[in-house]
Structures are given as structure tokens and as C-alpha cells.
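For the sequence shown, UniProt numbering gives the first residue as 1, with consecutive numbering after it. Step one of this worksheet: look at the structure below.
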Amino acid sequence: ATAAAELCATTPDTPRDVFGRRLNMFRALLDGCRAAAQGVYDELEKNGVSVEVVFQIERMKLRVARIELLLGVWVDPTQRHKFVHLTAELIRSTQARSSVRHLAASSFAQLARRVMERTAETGEHYIARDAVEYLTMLKASLGGGFVMVFTVYLKFFIVSLHLDKFIEGLLASLNYAGGFLVIHFSHFTLATKQPAMTGPALAHRLDDAYTPEGRDAFLDDTMAMIRSNAAAILGNLAVVFPLAWAVQWVAVNGLDRPLINADKAHETLASFSAWGPTPLYAAATGVLLWLSSLIAGWADNWFALHRVHDVMAYNRRARHLLGERGAARWAGFWQRNISGIAGNVSLGLMLGLGPAIVSFFGPHVEVRHVTLSAGQLGTVIGTLGWQVVHTQVFWLAVAGIALTGILNVGVSFALAFNVAMRSRDLRRRDRDSLSAGVRQRIWQRPATLFWPVKPRPAPTPTP
1 ATAAAELCAT
11 TPDTPRDVFG
21 RRLNMFRALL
31 DGCRAAAQGV
41 YDELEKNGVS
51 VEVVFQIERM
61 KLRVARIELL
71 LGVWVDPTQR
81 HKFVHLTAEL
91 IRSTQARSSV
101 RHLAASSFAQ
111 LARRVMERTA
121 ETGEHYIARD
131 AVEYLTMLKA
141 SLGGGFVMVF
151 TVYLKFFIVS
161 LHLDKFIEGL
171 LASLNYAGGF
181 LVIHFSHFTL
191 ATKQPAMTGP
201 ALAHRLDDAY
211 TPEGRDAFLD
221 DTMAMIRSNA
231 AAILGNLAVV
241 FPLAWAVQWV
251 AVNGLDRPLI
261 NADKAHETLA
271 SFSAWGPTPL
281 YAAATGVLLW
291 LSSLIAGWAD
301 NWFALHRVHD
311 VMAYNRRARH
321 LLGERGAARW
331 AGFWQRNISG
341 IAGNVSLGLM
351 LGLGPAIVSF
361 FGPHVEVRHV
371 TLSAGQLGTV
381 IGTLGWQVVH
391 TQVFWLAVAG
401 IALTGILNVG
411 VSFALAFNVA
421 MRSRDLRRRD
431 RDSLSAGVRQ
441 RIWQRPATLF
451 WPVKPRPAPT
461 PTP
């Protein structure tokens, strides 16, 4: 305030060097305000997002920008383009002030940018950038496929009980959530959960996409993301399909007690047809996968914002029961896993209870998850025998499961990436340029979609 008052007190008789010193000091203070705002954002990324704080900081940044425009016009009134710029900015802000759409979009962008940053931190772990990370991802996905075999057969068992739809949905939710939590705590991977997490991580690269190095980093991560999802799906299906078939084959031929009968197998096979509602169900499942990633990010943000870790670590009862070190470990466990627990439990509840609740109001709906569907297909073959592969309904089911994988991954990633990208003011020209770069990279090096290939060295120019 003092610097502003001194600057405003300037008269035509004020020495030029004094005026310049006052002006530089005031501009330095404005730069300090911008740096302080960025510092607040850095703290929010570490300690959780507060909508009120974000709103106040954004208002401060807009005021600093407005002061810069006014200062430019006041210091040098002869520059007509500065008047034009200021006038255009005043008109734009006046229109935006009365626009509900602009208010909703800006508020959404402010919140989404900060909340999605926390999801991006998790998504970084799902991007395999080199051969070691790729093989690690593949091994983790093999474990995820193994766990899903048990989930598949538990689902068949729950359906065979012919319970009330709500009770059946609740048990299915517990089945799904339990399987997902086992995968999480075993450090395995479920393929379709990756895209919703990797979208924000990929959009995080857009901050530096204006530079050649940033653009290359974005393209490299895009290829790594596609490759990682392909590896995860391959690993899941490579285990869940043959193992589900083997379990049913042993039950039929070794124990003479099939886990599902032929009628149920035919019904399951027909329900996967690509000509039926399977694509719609698969796309809806992709939306649920995306929603679970939002819930995971929100839970992680809530845990950090409200300092729940400190509350748990210093809780008197927890320290009395577990000891000081035990309470600290207990709080650390929740800090590391709150996002995964919230995301997996919410996904299980939505996959199980969602169809039951919607069906209660009229239309019959189901969920289609590529890993679960592949396991069910293996079970069908174990029941009906391999002669079923010669039928048209089998190949329609195979096509339906392929569409399920594409839509599960595509819809969840598209939604997550779109939300993360909307939280950044990226121009359409830049988005088109990045899309063209991805297509060019795929055309030039298609092998990188399936294996992390080192880039070819640039040719050495001849003298």
C-alpha cells in the first residue's frame, strides 16, 4: 500500500530516476504477489485443496493482472495498443461477470485442476516408461487376473442363490470390492482402473507442452500410457481366461460337479453378444471406473486437507492401545492407502449395487468389465466344451468382450483426460498439434505401442 501511494503521488516534477525506482519497486511487489500465490498452490498440492482458498487466490491473481494492465496505460499513455488491450479485457470481464456458464466453468477448472493433481500422483505409478517398468506392470497384471478368477466364481455363486435384487447387488458389491482390495494390497494391477488414473497424470504434462522438450515428454508419456494399458489387459486376460476354464473343466470332468450348468453357460454367452446391449453396458462401466477415480482423488484430498494423519497419529486412545510408534504406523497406513481403499470400495459398490438400484426403477441394466467377462467366457467354455467355438454366438461374444475392453478403457480415459485438460487453459490449436504428434509417433514407431523401444539416435550430420 505504501509503494502504491508513493507511485500515485508522482507528479510531472518528480525526478525521472525517483519515478523509475518507485515503479520498479511496485512491479517487484506484484511479482512477489504472484510468487506467493504459486506458493499457496504448492501447499495445496501437499496438504489438500480448499475451494475457498483456491477462489480467493484466483481473485488475487486476476486483480494483479488488472493492476498490470492499468499500470501499463498509466505509465505510457502514448501506447494505443495498451488502451485496446485494457478495453478488451474490461469488456471480456464484464461479460464473464454476468455469465453463469463462465462462473461454472471457471469454478470447475479451479477445483478440477487441484483435485486432479492428486489423482495424477497415483497415475504416475501406472505408466511404464522402460522395459523394467513394463515387465513389472505385466507381472502385476498377471496377479490381478489370478484374483479375478475367484471374483468370477463368487459372482456365479451369488447369482445362483436367486436372492432379492438388492441383496444380490449388495453381495456382488462386497465380492467386487473385496477382490479389488486384495489386488490393491497385493500390489497387483487391474487393467481397467489404469486409464482413469493415467489421464490426469498425462494431462499434467500439458503444463510444459508449449516447449519442444515438453511436447516430446507428453508424446513419450502418451505412448507409454497406451503400452502400459495394453500390458495390463494382456496380463489380466492371460491368467483369468485359462484359469477360469481350467477350474470349470476340473469341476466338470474330475469332480462331476460343474460350478455352472449348461443353461447358465448359454445364457451368459448370449448376454455378451456385440449386437446386444453389451457396448452400452461397457461404456457405462467406463463411466463408473472414472467416477471411482474421482472419489479416490477426493478422499485423498480430504484426508490431507483435514490433517487426518496427524489426528490419528496423536490420538490419545490410539497411542494408549498401539503405542506411539504403532499409532504413527497406523496413521501412515491410512495416509498411503486411503485413495486406493476409497476408489476400490466405491467401484465395487457402483458395479454391484448400481445395476440393482437402476433396475428397481424400470430398465434392466448390467455392468460389463473386460477382465470379469473374459473369466466368465473361460467358464462357459469349460462347461460347454471347445466345440462351442464353432458357433456364431461364441464369436459374437468374443467381439462383445473386445468391445468391452475398448470401451472400458476408452471411456474412462477420455473422461479423466478431458476433465484434467479442461482444468488447464489449453488452446485448440495446441490440442490439435498434440493429437497430430501422437498419430505421427504411432506411424513412425508402432512397435512402441507394445514394447518400450529406445528412440533411434539422430543421424550425425556430415561435414
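Virtual Cβ for every residue (Gly too), placed ideally from N, Cα, C. Model, not experiment: these values are computed from the prediction.
Supposed close pair residue i, residue j - CB separation, criterion 8 Å
{"i": "M312", "j": "S228", "result": "Rounded, the Cβ-Cβ distance is 33 Å, inconsistent with contact."}
{"i": "V64", "j": "L219", "result": "Incorrect: roughly 34 Å between the Cβ atoms, too far for contact."}
{"i": "L86", "j": "L71", "result": "That pair is no contact at about 10 Å."}
{"i": "R129", "j": "P452", "result": "7 Å"}
{"i": "G286", "j": "S412", "result": "4 Å"}
{"i": "D216", "j": "I127", "result": "Between I127 and D216 the Cβ distance is about 15 Å, and since that is not below 8 Å, they are no contact."}
{"i": "M350", "j": "L291", "result": "7 Å"}
{"i": "F241", "j": "A374", "result": "5 Å"}
{"i": "S177", "j": "G405", "result": "Checking the displayed sequence, the identity of residue 177 turns out to be Ala instead of Ser. A177 to G405, Cβ: 22 Å. No contact."}
{"i": "F360", "j": "K165", "result": "7 Å"}
{"i": "G144", "j": "G352", "result": "With 8 Å as the limit, G144 and G352 do not qualify as a contact, their Cβ atoms being about 18 Å apart."}
{"i": "S339", "j": "A397", "result": "The pair is not a contact, with the Cβ atoms about 35 Å apart (cut-off 8 Å)."}
{"i": "H309", "j": "A331", "result": "5 Å"}
Inter-residue spacing [alpha-carbon to alpha-carbon] between residue i and residue j
{"i": "E58", "j": "T151", "result": "47 Å"}
{"i": "L30", "j": "T278", "result": "57 Å"}
{"i": "F272", "j": "L280", "result": "11 Å"}
{"i": "G32", "j": "N24", "result": "12 Å"}
{"i": "A231", "j": "W245", "result": "22 Å"}
{"i": "L171", "j": "F146", "result": "21 Å"}
{"i": "R34", "j": "A447", "result": "44 Å"}
{"i": "W74", "j": "R16", "result": "15 Å"}
{"i": "L289", "j": "A416", "result": "10 Å"}
{"i": "V389", "j": "W395", "result": "7 Å"}
{"i": "Q248", "j": "L321", "result": "47 Å"}
{"i": "T192", "j": "A36", "result": "39 Å"}
{"i": "A284", "j": "P363", "result": "14 Å"}
{"i": "L407", "j": "D76", "result": "57 Å"}
{"i": "R325", "j": "R317", "result": "13 Å"}
{"i": "L154", "j": "L62", "result": "56 Å"}
{"i": "L403", "j": "I442", "result": "22 Å"}
{"i": "A270", "j": "V358", "result": "22 Å"}
{"i": "Y314", "j": "A327", "result": "7 Å"}
{"i": "L384", "j": "A265", "result": "7 Å"}
{"i": "Q38", "j": "M60", "result": "11 Å"}
{"i": "A243", "j": "L237", "result": "According to the sequence shown, residue 243 is Leu rather than Ala. Looking at the two C-alpha atoms, the distance is approximately 10 Å."}
{"i": "L372", "j": "R66", "result": "55 Å"}
{"i": "L434", "j": "L135", "result": "28 Å"}
{"i": "E89", "j": "D432", "result": "26 Å"}
{"i": "V393", "j": "R368", "result": "17 Å"}
{"i": "F450", "j": "A399", "result": "21 Å"}
{"i": "L414", "j": "M148", "result": "The residue you asked about is not Leu; residue 414 is Ala in the sequence shown. Rounded to whole angstroms, A414 to M148 spans 25 Å at the Cα level."}
{"i": "V370", "j": "G276", "result": "16 Å"}
{"i": "A251", "j": "Q387", "result": "18 Å"}
{"i": "N301", "j": "G254", "result": "51 Å"}
{"i": "I401", "j": "A274", "result": "8 Å"}
{"i": "F19", "j": "E213", "result": "41 Å"}
{"i": "Q335", "j": "H306", "result": "12 Å"}
{"i": "S376", "j": "S293", "result": "Looking at the sequence itself, residue 376 is Gln, so the reference to Ser does not match. Looking at the two C-alpha atoms, the distance is approximately 25 Å."}
{"i": "V182", "j": "T391", "result": "36 Å"}
{"i": "L163", "j": "T268", "result": "18 Å"}
{"i": "F303", "j": "I91", "result": "41 Å"}
{"i": "A131", "j": "N337", "result": "27 Å"}
{"i": "R445", "j": "N175", "result": "41 Å"}
Check your understanding: Is the region 257-272 touching the region 375-394 in the sense that three or more CB pairs, one from each, lie closer than 8 Å?
Key -> yes
Exercise for review: Kindly confirm or deny that the region 153-160 and the region 334-348 touch, where touching means at least three C-beta pairs closer than 8 Å.
Suggested key: no
Point to revise | the region 139-147 contacting the region 186-194, beta-carbon criterion three pairs below 8 Å | key: The region 139-147 is in contact with the region 186-194.
Review point. Which runs of the alpha helix (DSSP H) spanning at least 4 residues fall entirely within the region 232-272, listed in chain order?
Key: 262-271
Exercise for review: Counting only runs of 4+ residues fully inside the region 131-208, write out the alpha helix (DSSP H) ranges in chain order.
Suggested key: 131-160, 165-185 and 194-204
Check your understanding: Fully enclosed by the region 344-369, which beta strand (DSSP E) runs are 3 residues long or longer?
Key -> Runs of the beta strand (DSSP E) inside the region 344-369: none found.
Point to revise | Uninterrupted alpha helix (DSSP H) stretches inside the region 283-335 (no shorter than 4 residues) | key: 308-313
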